[in-house]
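Reviewing the structure listed below.
Protein chains: 4
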Amino acid sequence: MTKEKIVLAYSGGLDTSVAIAWLKNKGYDVIACCIDVGEGKDLEAIKEKGKQVGAWKSVVIDAKHDFAEQFVLPALQAHAMYEQKYPLVSALSRPLIVQKLVAVAREYGATAIAHGCTGKGNDQVRFEAGIHALAPEMKIEDPIRDWHWSREEEIQYAKDNNIPVPITKASPYSIDENLWGRANECGILEDPWAAAPADAYDRTVAIEDAPDTPTTIEISFEEGVPTAIDGEKLPLDELIMKLDHLAGSHGIGRIDHVENRLVGIKSREIYECPAATVLLAAHKDLEDLTLERELAHFKPIVEQKMSEIIYNGLWYSPLMKSLVAFIDQAQAVVNGVVRVKLFKGNVICEGRKSPNSLYDKNLATYTSADEFDQEAATGFIKLWELPDKVYAQVQKKALATKQEQINNKGVTADAD
Amino acid sequence: MTKEKIVLAYSGGLDTSVAIAWLKNKGYDVIACCIDVGEGKDLEAIKEKGKQVGAWKSVVIDAKHDFAEQFVLPALQAHAMYEQKYPLVSALSRPLIVQKLVAVAREYGATAIAHGCTGKGNDQVRFEAGIHALAPEMKIEDPIRDWHWSREEEIQYAKDNNIPVPITKASPYSIDENLWGRANECGILEDPWAAAPADAYDRTVAIEDAPDTPTTIEISFEEGVPTAIDGEKLPLDELIMKLDHLAGSHGIGRIDHVENRLVGIKSREIYECPAATVLLAAHKDLEDLTLERELAHFKPIVEQKMSEIIYNGLWYSPLMKSLVAFIDQAQAVVNGVVRVKLFKGNVICEGRKSPNSLYDKNLATYTSADEFDQEAATGFIKLWELPDKVYAQVQKKALATKQEQINNKGVTADAD
Amino acid sequence: MTKEKIVLAYSGGLDTSVAIAWLKNKGYDVIACCIDVGEGKDLEAIKEKGKQVGAWKSVVIDAKHDFAEQFVLPALQAHAMYEQKYPLVSALSRPLIVQKLVAVAREYGATAIAHGCTGKGNDQVRFEAGIHALAPEMKIEDPIRDWHWSREEEIQYAKDNNIPVPITKASPYSIDENLWGRANECGILEDPWAAAPADAYDRTVAIEDAPDTPTTIEISFEEGVPTAIDGEKLPLDELIMKLDHLAGSHGIGRIDHVENRLVGIKSREIYECPAATVLLAAHKDLEDLTLERELAHFKPIVEQKMSEIIYNGLWYSPLMKSLVAFIDQAQAVVNGVVRVKLFKGNVICEGRKSPNSLYDKNLATYTSADEFDQEAATGFIKLWELPDKVYAQVQKKALATKQEQINNKGVTADAD
Amino acid sequence: MTKEKIVLAYSGGLDTSVAIAWLKNKGYDVIACCIDVGEGKDLEAIKEKGKQVGAWKSVVIDAKHDFAEQFVLPALQAHAMYEQKYPLVSALSRPLIVQKLVAVAREYGATAIAHGCTGKGNDQVRFEAGIHALAPEMKIEDPIRDWHWSREEEIQYAKDNNIPVPITKASPYSIDENLWGRANECGILEDPWAAAPADAYDRTVAIEDAPDTPTTIEISFEEGVPTAIDGEKLPLDELIMKLDHLAGSHGIGRIDHVENRLVGIKSREIYECPAATVLLAAHKDLEDLTLERELAHFKPIVEQKMSEIIYNGLWYSPLMKSLVAFIDQAQAVVNGVVRVKLFKGNVICEGRKSPNSLYDKNLATYTSADEFDQEAATGFIKLWELPDKVYAQVQKKALATKQEQINNKGVTADAD
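Which chain is which? The protein sequence lines are A, B, C and D, in order. Note that full-length UniProt numbering gives residue 305 to position 305 of the first sequence, counting from 1, and the numbers run on in steps of one. Note that full-length UniProt numbering gives residue 53 to position 53 of the second sequence, counting from 1, and the numbers run on in steps of one. Note that full-length UniProt numbering gives residue 96 to position 96 of the third sequence, counting from 1, and the numbers run on in steps of one. Note that full-length UniProt numbering gives residue 296 to position 296 of the fourth sequence, counting from 1, and the numbers run on in steps of one.
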């Protein structure tokens, strides 16, 4: 009898290697699937290891380009920041990974998908909600949430199943990263009063160690898409990675966040997002120049909802599609160049220009070139203030009437 | 016959000195009223000058304390940032000034109030809407908007009326400041592609000139009010001014913003808000630790509306009262200390603690102390993903049915 | 050894009577607690029955007044309508019941609370979230969700434990009601294409059977609280019940809603809310007259959030407190009288007046009494339209430039 | 020398006929342009009259179809209701009219456009903002706002310029209508306490006069577009007009609204919107069945903003485009049939079905067919309530600690 096939999101690490054995022992043919979203993985080595530790099939996918174009870009254009702080690093890669896992499952006729998330994080929700939004019929396995092992028990199981156990001491941290950033939790970071130690960071230098000379670059945008740095055109994934390296070297992008998880707890996270920090600032700066006021003032409402939706694992929801349609529509005019100074942890947008700039010097100036109709202001103010002026008049009169009634009552009472 | 009295918002500068003459010539007894909101004015000298240039009465008011307590504090607690960038420096002082002007007008039986705003800025709206919200019956004069003079004509009028004309060359900039920050526009700043030159700044050093050693401070909050720095209790206005100096010396708080004015144009502004930048970051950081999730996620909607309302001159509107009530209610638990590192333009909240901290290490930890019920997660995910899973099932089936209908039609068509 | 005490939300029906036996068998001393929120229960009979079927203690509470004042009123003032249709009947009574259950538990030193909700509705969430928000240490039992019995098994258990079983055939419907309305689901209602049959309704006549003559009443409000009908002052609970009867007799308040439950499914519900329908319409009508525009335009955002929060069982959340503070603050001016015509299912607010009315005939009129400054309009329009006018100019020019560039390229190309 | 051409929005009535003369006398060649948006105008007669009273050119346009498809439909799909009451009748036709006027202006090389709005309504803003958003260079004339005439003066001017003056007494009302409804203001309606008299209505019968037998119809929707009534396919404009007549005959669609005008005053308006009332209810009902929860809960935020934007004359703003993109995206699944009972002023959606229905009887049922996983609920509740439970625990502990500190201080004090 042929076995059921399962696709496992495989990282090459101990947990998911043990998961291969565990799923095999449960009766599955395991398709190990490793997806590179910009961590700089050695895909060939991981492919090999997947086979070695018992996968029926080992598949690797370089998804950096798709990740940048389809997932990072909408988030950038929506200035997606969960709780105004976190640029949604892991939350963005999950739906990309899910998309690839489902595609592999369909290619090989697999009936189940497995991931290696713990039972207290957001990622389990993102994986499972994502998978079922694309493939509602798919069975899901989560070995790590299921096996309830201590570290020691896991290592014993690994040995029993011929899974190589790394001899280096495990990092105190739990890390996830991709080209949009790096997330770090656990260990000393679990004390929100403690400053994150130096070894918690990897993609950014400390400000102390950043160069004493700034780097100034010009970032070009076409319809809301960053397309070039200093005039050099680059595919989005490459542009991000190049900028990430540069900004990280100036100590840019460190974020220290006590955040509300979807599963109901607060957790303290250290993020490093050098490229994201720069691009989010530059894109906003260009929108400040090119977006019409009413749109600029409503877009943050849409942005906040999109941030929550992404964080909460609902990338493939119909609401997300509508939110993206809103944002997309707004990007046509976001063309131009932002000059950004990277220096000692700071992203300084010091100049911006655009063929679609709504800044009109002749309207804004206080010089004699002024074309603004100052007479119009008096009319504007009269109607603008009218509701509150009437309100003030009415409440004043209402108060006086009430006082009069009280006084009159007093008089009547006296007369009795 | 007794003359009508008018209260003029008096700064001691040329414009409002000329305005005294202009209003006098129009038939008013002018009460010059100078209000200090933290610019460090020499109030006595201004009082004297007011009288000298012809005011019927010259009044000065130190309003720093009221400004901090009644206007800056609600804005801080609401993280008020117009267009996510500008902490509402001038927009906050206008209602305070209006409040004082109206009080003076009532004290002296004045029937009119005058301000010296131009006809293309937001401040004229803030003054007039504010005055009429407090005193709907009050007449308003705006000499500068009315007189339509060139610089030369103004100087001639000054000379004709014995108003001393400063001999120093006029600054190219138009500046407004108070203890919450400094706003600068005009001159070279009217070119949004040009970087703001060094002389555009006054309260912050350039990052290049900031010390190479960070300063780390602990800011204490009680019910959302910053009450102490490094344990030293200070009245809010003093705390802000002390912190402003300190943060400014580290190059913190420079903001470069192309913003949408209420009067319909975009303008480019350079702000310096050292204390505001630090306090807004620290207060948000403490809220991240102490606010419950649903409140934390809705508060930004309220914050954005409040920012707009303040910017647009509607401080004294009934909506403002309701927004403040919302924010107030949320502050009871915002107690604790945030440890902030000030360094090279960066505000780094590196630790925070609170008796009301909702961060629970035993729930968040990945160690054996874990008290989180990981079993609950599977149930949670099932119901969380249910709407989108059903959605996926239904659309899949609907598509299949539609396809079948098309196919069947094909068959029928063939059969014909 | 003394037993643990548990407070059970007791209705007097079969399910909760069996629950008494079940909890007793589990080792608890059961305190049966029946709370009247306006269903017109015979509290004494239920108290007696509670004891009869084995409760250690039987407690009854008439909570109609508290329910109206503390729970219905804030919802009315916030125009709370879940998904713009459902006035939150059951969702409002749950936190009141929870409050009473916790108070009884504390009075008797009980360590647990039990409710009788099924495992697929919203009420289980409302009970449990509510209890833990007031008493996080409290143990919770939900017998019905736990025992997994068929109807037959439940009846057998009842017989085995001497619980009287009603001989009348069970209703096909599942009903919950209180003074704010009546909710009905199940049976034929589970088919959303089927019209609700006559027997699904209880508090409203069919429009066909409603009188051919309207009833016109005047409802008075003081600071947003309905205080009198036709001048007769009534406590809020009595006013609601009186109005409910009257409006129901005119066929008012039937609602047919396919709604999204918190637990992830859609369900079809039939509500009858005669009084709620009238009061919500009248209160909104009076707010239209008395609320200033900006407040009137933001309040719905707050209202919608509050509706969701209440529906989702988070009455005792800190967000709810802030939302209520916002609404409260807005009610001071909601004074006056609304004249309402009740007729054939229609609630027609045909006249309204208020000492705080912001409607100013002399501003609104088109007669010669007009005091509105029509000149001001031209200035207003100029600034109002300015952002979009500049936008149009810029895009027109940008397009032309782009076209020109394309043409020039063409020329250059030709020249090559 | 050739004269400047101006396009005038021409209705055939006295005001705009006089305007032709006035504009001619001002030196323009006047192109009278009459646009039918469903008032049932005699276009040929108006065209003739335009020429008669002196237009250089007289143009008529039947725009009913365009109006329905391009303007009414997006508003319907967005459930656009200003202040939750007014379906934006006039506000919707203005941008359509503007679009046609600009097209005619471009066709004939006109440099100006004239409208006949008064200086205190919203329509002047909608015309002028709309014109400049499409044609920022266009000059605008508003004769009625400019000429400041009394009725008598206007009639004299008409006589002097050979404009025929109607002999019937002028209506006390000011009316605007199109296929989406009818708006009425002025006269007795200016007293918000007075009920609107019978003669204020035209398209609806009084409920008293509505038939005693209901009409039940089935309305079909395809991707959010109403396409058929009782299976009969109709173009949208015809469907609306047919339904309008039918619903009006049942007394449906009367609205009595004290609303906030953009120009800062409150005004009392009587609307009749029979078709709009029915279609808005039916479309919402079908969305309740087919929209996923998160989308259904955010869409009202978008809807409210769109309603304001339309009301405020910003149809052609970039924000509007983004809002429409959001709504559009959501309509793909809004397919199906709603069965609606029209009776005595009531619109009763009593049944609805859809191939995209998300209502799943097997999930919702309380019968044995139940497929809902009730076990999952306990896990869901645990995580759902967790933030508020932790909040309760923390505040309880914080309070206790504070109390203890106070007590200890007491002890210490005593000890001194």
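Cβ atoms here follow ideal geometry from the backbone N, Cα and C, with glycine treated the same way.
With a Cβ-Cβ cutoff of 8 Å, do residue i and residue j count as a contact?
i                      : j               : result
D237 of chain D        : G38 of chain D  : yes
V53 of chain D         : A75 of chain D  : no
G181 of chain C        : P95 of chain C  : no
G379 of chain B        : R261 of chain B : no
V340 of chain C        : V334 of chain C : no
G351 of chain D        : W193 of chain C : yes
I327 of chain D        : Q124 of chain C : no
L24 of chain C         : G109 of chain C : At residue 24 of chain C the sequence reads Lys, which differs from the Leu that was named. The answer is no: Cβ separation not under 8 Å.
L295 of chain B        : S11 of chain C  : no
D230 of chain C        : E222 of chain C : no
G264 of chain A        : L383 of chain D : yes
A45 of chain D         : L8 of chain D   : no
residue 502 of chain A : F298 of chain D : Missing from the structure shown is residue 502 of chain A; chain A here goes from 1 to 416 and no further.
For residue i, does the three-state DSSP call read helix, strand or coil?
i                      : result
G248 of chain D        : helix
E128 of chain C        : helix
residue 419 of chain C : Residue 419 of chain C falls outside the range modelled here, since chain C spans only 1 to 416, and no answer is possible.
R145 of chain C        : helix
D416 of chain C        : Since pLDDT at D416 of chain C reaches only 43, below the 50 mark, its modelled position is unreliable, and no value is offered.
K409 of chain D        : helix
V225 of chain A        : strand
K120 of chain A        : coil
D191 of chain C        : coil
T277 of chain C        : helix
S267 of chain A        : strand
Name the chain D residues whose beta carbon is nearer than 7 Å to that of residue i?
i               : result
F380 of chain C : V263
I207 of chain C : F343, K344, N346
What does residue i reach in chain A if we use C-beta pairs closer than 8 Å?
i               : result
V258 of chain B : D285, D288, L289, R352, Y359
So which residues of chain A does residue i contact, with C-beta pairs closer than 9 Å?
i               : result
A330 of chain D : P318, L319, K321, S322, A325
Just to make sure I have the definition right: I need the residues of chain C whose C-beta is within less than 7 Å of the C-beta of residue i. Which are they?
i               : result
S249 of chain D : Within 7 Å Cβ-Cβ: nothing; S249 of chain D doesn't reach chain C, min ~15 Å.
Consider the Cβ of residue i: report whether some Cβ of chain E lies at a distance smaller than 8 Å.
i               : result
P300 of chain C : Given the protein chain composition of this structure (A, B, C and D), no chain E is represented.
Which residues in chain B sit within 8 Å of residue i, going by Cβ to Cβ distance?
i               : result
I309 of chain C : E294
Against residue i, what residues of chain B qualify as contacts under a CB-to-CB distance less than 9 Å, listed in chain order?
i               : result
V333 of chain D : Y391, V394, Q395, A398
Which bits of chain C does residue i rub up against, with CB to CB less than 8 Å?
i               : result
L314 of chain B : E294
Please name the residues in the region 262 to 276 of chain A whose beta-carbon is closer than 9 Å to at least one beta-carbon of chain D, in chain order. L262, V263, G264, I265, K266
Extract the residue ranges of the beta strand (DSSP E) inside the region 3 to 69 of chain D, only unbroken runs of 3 or more that lie entirely within it. 5 to 9, 29 to 36, 57 to 62
Whole runs of the beta strand (DSSP E) within the region 280 to 364 of chain D, excluding any shorter than 3 residues: 336 to 343, 346 to 353
Contact list for the region 387 to 412 of chain B against chain D, Cβ threshold 9 Å: P387, D388, V390, Y391, Q393, V394, Q395, K397, A398, T401, K402
Contact residues within the region 21 to 54 of chain C, judged by C-beta distance below 8 Å to chain D: Cβ proximity to chain D below 8 Å picks out nothing from the region 21 to 54 of chain C.
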